[in-house]
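Scroll down for the structure; my scribbles are underneath it.
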Amino acid sequence: MSYTAPVDDPSRHQGRTRAIPYVEGQFVGHVYVPIKLEGALLSMLREVVQSAQATDPGWRSSLDLEDAPATASKVSMHLSLSRPVPLRAHQRDGLRKEVRKAAAQNKQFTASFSQLAILTNDEKTRTFLCAEVGAGHQQFQDLSSSLSSYIASLRQLPYYSQPRFHISIAWILTPPTLPTLTDSGDGQESSATDEFLRRTATSVGELQQKFSDRLLELGRIDAHSVEVRIGKETHKWPLVSSP
20 MSYTAPVDDP
30 SRHQGRTRAI
40 PYVEGQFVGH
50 VYVPIKLEGA
60 LLSMLREVVQ
70 SAQATDPGWR
80 SSLDLEDAPA
90 TASKVSMHLS
100 LSRPVPLRAH
110 QRDGLRKEVR
120 KAAAQNKQFT
130 ASFSQLAILT
140 NDEKTRTFLC
150 AEVGAGHQQF
160 QDLSSSLSSY
170 IASLRQLPYY
180 SQPRFHISIA
190 WILTPPTLPT
200 LTDSGDGQES
210 SATDEFLRRT
220 ATSVGELQQK
230 FSDRLLELGR
240 IDAHSVEVRI
250 GKETHKWPLV
260 SSP
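What follows is the structure, encoded as structure tokens:
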């Protein structure tokens, strides 16, 4: 019996490519806290995305996907606690057990977004417009850190040593790193990627200035559970209820 691996065709995914190449018999795990957006907070974040798109039409909303159109009154987002974790079939139960244990050891809590920011993926192929957590950062870090030893035992990278917990509300393709002459014309080379990131950082800084007060006012979120997605399967466990 022959088996044809999925073809990574960026043209079918708005230019996106796989962060982890497909390997037969391997599954990718991802641990996160589901975050429900609704009401005034969701409306404001949609405004942020629309403002970003007015500056650069290349921005694509992460809030309004095919299964969550722009008219949806509620949107579920993922706040990552891990990087994508490659797993062999026999390792899937181990990760699920660790996530279940982490949920049983951590209480439900309320957090809030404190600022807008840009982040890039490890491959430097996409740039994300994010709402970043302020209050609640330590609780998210406690959850993430409780998985680090197990993930390291798989010889995979735990989450970042200085994590910036966030949800991504929009994304844009990052230009490839190509040498270009600097504006001064002095023959020195600068990266097209660096120029793009500087320009984007300036734009997002303006968005932060415009929306900061409303984000601080409306940006409260609740962390009630933790989920792990492995391949196409998702498992969810509640955090400990406060008495």
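In our numbering, the protein residues as written are 20 to 262.
From the three backbone atoms N, C-alpha and C, an ideal C-beta is built for every residue, glycine too.
Every value quoted in this text rests on a predicted model; they were computed, and no experiment measured them.
{"Item": "On the CB-based measure, 16 or more other CB atoms within 10 Å of its CB, does Thr193 come out buried or exposed?", "Value": "buried"}
{"Item": "Any idea if Glu117 is buried or exposed, counting beta-carbon neighbours within 10 angstroms, 16 or more meaning buried?", "Value": "buried"}
{"Item": "Counting only the same chain and skipping the five closest in sequence on each side, list residues whose C-beta sits under 8 Å from that of Arg233.", "Value": "Met63"}
{"Item": "Would you mind working out which of Leu226, Ser244, Ala121 sits nearest Glu66, comparing C-alpha positions?", "Value": "Leu226"}
{"Item": "Only counting the same chain, and skipping five residues up and downstream in sequence, which positions put a Cβ closer than 6 Å to that of Ile249?", "Value": "Phe46, Gly48, Arg111"}
{"Item": "Between Leu237 and Gly153, what straight-line distance do the alpha-carbon atoms span, to the nearest angstrom?", "Value": "13 Å"}
{"Item": "Is Gln134 helix, strand or coil by DSSP?", "Value": "strand"}
{"Item": "DSSP on Leu100, reduced to helix/strand/coil?", "Value": "coil"}
{"Item": "Roughly how many angstroms lie between the CA atoms of Arg183 and Lys143, to the nearest whole one?", "Value": "17 Å"}
{"Item": "Is Arg248 helix, strand or coil by DSSP?", "Value": "strand"}
{"Item": "In this structure, how does DSSP classify Lys229 when only helix, strand and coil are distinguished?", "Value": "helix"}
{"Item": "On the criterion of 16 or more Cβ atoms from any shown chain inside 10 Å, does Tyr178 qualify as buried, or is it exposed?", "Value": "buried"}
{"Item": "The alpha helix (DSSP H) that contains Val67, what's its start and end?", "Value": "58-74"}
{"Item": "Between Asp161 and the rest of its own chain, which residues show a CB-CB distance below 8 Å, the 5 nearest in sequence each way excluded?", "Value": "Asn125"}
{"Item": "Span of the beta strand (DSSP E) holding Ser163?", "Value": "Taken as a continuous stretch (DSSP letters only), Ser163 belongs to no beta strand (DSSP E), being part of the alpha helix (DSSP H) at 156-164."}
{"Item": "Exposed or buried, which one is Val259 when buried takes at least 16 other CB atoms within 10 Å?", "Value": "exposed"}
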